[in-house]
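Step one of this worksheet: look at the structure below.
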Amino acid sequence: MKLHSLPWGKCSFAVRRPLMVFVAQLGMEGKLPGSVPDGFAENEEFLRALHHVLLEVDIVEGQLVCPETGKKFPIKEGIPSML
1 MKLHSLPWGK CSFAVRRPLM VFVAQLGMEG KLPGSVPDGF AENEEFLRAL
51 HHVLLEVDIV EGQLVCPETG KKFPIKEGIP SML
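Quick note: the sequence shown uses our numbering, first residue 1, plus one each step.
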């Protein structure tokens, strides 16, 4: 996946806000900016933070919320129920 294919700065508020709340809950505020920084390919701190949020965090309990309908899908023991 190419980083530029992520709609980082163009995500709707309904999508971007929950991601940034999640980042804040991880204590990583300020590590992921509102848009992809210039020279991101050489920005080790940004790449490590993005990698951590996208690939190293497992949600064990919680819920997924559809940004279009508001429907909630529970996550239990790391498994989302999409029914």
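Ideal Cβ placement from N, Cα and C applies to all residues, glycine included.
Margin query: Less than 8 angstroms between the beta carbons of V23 and V53, yes or no?
Written below: yes
Notebook entry, point to check: Leaving out the 5 sequence neighbours to the left and right, which residues in its chain are closer than 8 angstroms to E77 when beta-carbon positions are compared?
Noted result: V60, E61
Checklist line | Backbone secondary structure at E68 - three-state DSSP | finding: coil
Next item on the list: Could you please give the first and the last residue of the uninterrupted alpha helix (DSSP H) stretch that includes L47?
Entry: 44–51
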